Ligand SMILES: Cc1ncc(COP(=O)(O)O)c(C=O)c1O
């Protein structure tokens, strides 16, 4: 007789084993039917327990290969170790040489004193964002980066156990955040134009919120076109309670227009971050939304950090006002470096799409082998495993700083890892 009567009891037991280390990261759980037989439970009960563990990030389902104990560190923090002799094409960072000059901007800044009780949003910052970045109809708040804004919006509306649709593949930190808030991530398939309408339609009835990347989707570079925005809006039209969150984390270096679908809905937010264009260390983003969402967010912020420093808001406003030419140049350089690598891959027989941004997503049969091949050749790239919620196999290569010779070399190594018959000759 099984000592577990329900899926919840079995899930709790397995969780305690994982937490105690009796089941280590990478261990395979018994196949559903085997466990059901051993425990005298219905296969559905075991499958439901495994699903609960997967939603909580404790195990990873790899389709026919089975269900494995996850590495319990958030995947976002499991960054590749980059040795001294290894060139970093892994971390997704912008090129420091293409970020605007902070010292020059600080020199131009007028710095009046800000005191408790002053308005949290500096009007110059709001005006600069609306003039140079994005201008949706709606209220604006200032937050410490896109992820901070998204967390604040989720916590303004959702409770533990609620379901959040996120892109698959997608930015690992988003899945980590959703899980850390005890919400349940629901993967939604994407293509080169972002979330697929049919994939959203299949799950929308179960969702409390959905997070979409407007442009420069990470890892694929997908951008939501006007047609796609209309199709997605039609899918969510009959779900007025659904909270939509759009992540516009790299707007000013994307080279494409933004098409927010939230404005006009009951609950919506658009986060527009300065991290990729002006520098990740600024930790500042504009957060637009409906009145209730922004009021809740500001009220909560008021009893926490209070506001985002006016120093940062002034600096970001100055950079947005004065860096137009630099940002245009950066946009062109990122596009050139990305498309050059895509062309080198094509020349080596590997065809991929990379519509925008700093990264190229390359499907490969064995991500670990491709990563290892690159490390041997002196390049760090990222395995796609942290970006996917299914058994898709791919690697992410950051091209933001890649030179022409490096593009040719990395493309050869990646191609050789896909067709092991090929040999890679180093171009130096
Ligand atoms: C999709 C996506 N959103 C947001 C961010 C980070 O934004 P922020 O630094 O403003 O939190 C990243 C960083 O890589 C990202 O890939």
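In my numbering, the protein residues as written are 269 to 696.
The beta carbon of each residue, even a glycine, is placed where N, CA and C say it ideally should be.
Computed from a prediction, not measured in an experiment: that's the story for all the values here.
Sorry if obvious, but does the Cβ on residue i come closer than 7 Å to a heavy atom of ligand 1?
| i | result |
| --- | --- |
| residue 635 | no |
| residue 629 | no |
| residue 461 | no |
| residue 436 | no |
| residue 652 | no |
| residue 414 | yes |
| residue 515 | yes |
| residue 611 | no |
| residue 667 | no |
| residue 423 | no |
| residue 439 | yes |
| residue 548 | yes |
| residue 482 | no |
| residue 543 | yes |
| residue 433 | no |
| residue 489 | no |
| residue 333 | no |
| residue 360 | yes |
| residue 312 | no |
| residue 306 | no |
What is the DSSP secondary structure of residue i, reduced to helix, strand or coil?
| i | result |
| --- | --- |
| residue 392 | helix |
| residue 647 | strand |
| residue 541 | strand |
| residue 596 | helix |
| residue 620 | coil |
| residue 506 | coil |
| residue 419 | helix |
| residue 696 | No answer about residue 696 holds up, because its pLDDT of 42 lies below 50 and its placement is not dependable. |
| residue 435 | strand |
| residue 290 | coil |
| residue 683 | helix |
| residue 486 | coil |
| residue 471 | helix |
| residue 306 | helix |
| residue 628 | strand |
| residue 382 | coil |
| residue 666 | strand |
| residue 272 | coil |
| residue 571 | coil |
Assuming residue i contacts residue j (C-beta within less than 8 Å), just tell me the rounded distance between them.
| i | j | result |
| --- | --- | --- |
| residue 630 | residue 662 | 6 Å |
| residue 477 | residue 426 | 6 Å |
| residue 374 | residue 583 | 7 Å |
| residue 528 | residue 623 | That pair is no contact at about 18 Å. |
| residue 211 | residue 493 | Residue coverage of the chain in this structure runs from 269 to 696, which leaves residue 211 outside it and unanswerable. |
| residue 475 | residue 454 | 6 Å |
| residue 565 | residue 409 | 5 Å |
| residue 686 | residue 610 | So it is not a contact: roughly 15 Å between Cβ atoms. |
| residue 445 | residue 463 | No, residue 445 and residue 463 are not in contact; Cβ-Cβ is about 18 Å, not under 8 Å. |
I'd like to confirm the pairing. Which residues does DSSP put opposite residue i in its beta bridges?
| i | result |
| --- | --- |
| residue 335 | 329 |
| residue 408 | 556 |
| residue 279 | Paired residue(s): none; residue 279 is not in a bridge. |
| residue 480 | 514 |
| residue 355 | 647 |
| residue 459 | 462 |
| residue 454 | 433 |
| residue 296 | 336 |
Between residue i and residue j, what straight-line distance do the alpha-carbon atoms span, to the nearest angstrom?
| i | j | result |
| --- | --- | --- |
| residue 695 | residue 355 | Confidence is the limiting factor: at residue 695 the pLDDT is only 48, short of 50, which leaves the residue's position unreliable and the question unanswerable from this model. |
| residue 324 | residue 278 | 14 Å |
| residue 276 | residue 441 | 27 Å |
| residue 264 | residue 551 | The first residue shown for the chain is 269 and the last is 696, placing residue 264 beyond what the model contains. |
| residue 369 | residue 675 | 27 Å |
| residue 432 | residue 496 | 20 Å |
| residue 644 | residue 678 | 11 Å |
| residue 329 | residue 516 | 30 Å |
| residue 498 | residue 505 | 10 Å |
| residue 537 | residue 519 | 15 Å |
| residue 509 | residue 473 | 10 Å |
| residue 383 | residue 295 | 55 Å |
| residue 599 | residue 659 | 33 Å |
| residue 608 | residue 627 | 12 Å |
Is residue i near ligand 2 - that is, is its Cβ less than 7 Å away from at least one heavy atom of it?
| i | result |
| --- | --- |
| residue 553 | Inclusion of ligand 2 in the displayed structure is not the case, the ligand content consisting of ligand 1 alone. |
Using a beta-carbon distance below 8 Å, is residue i in contact with chain B?
| i | result |
| --- | --- |
| residue 571 | Of the protein chains in this structure there is only one, and it is not chain B. |
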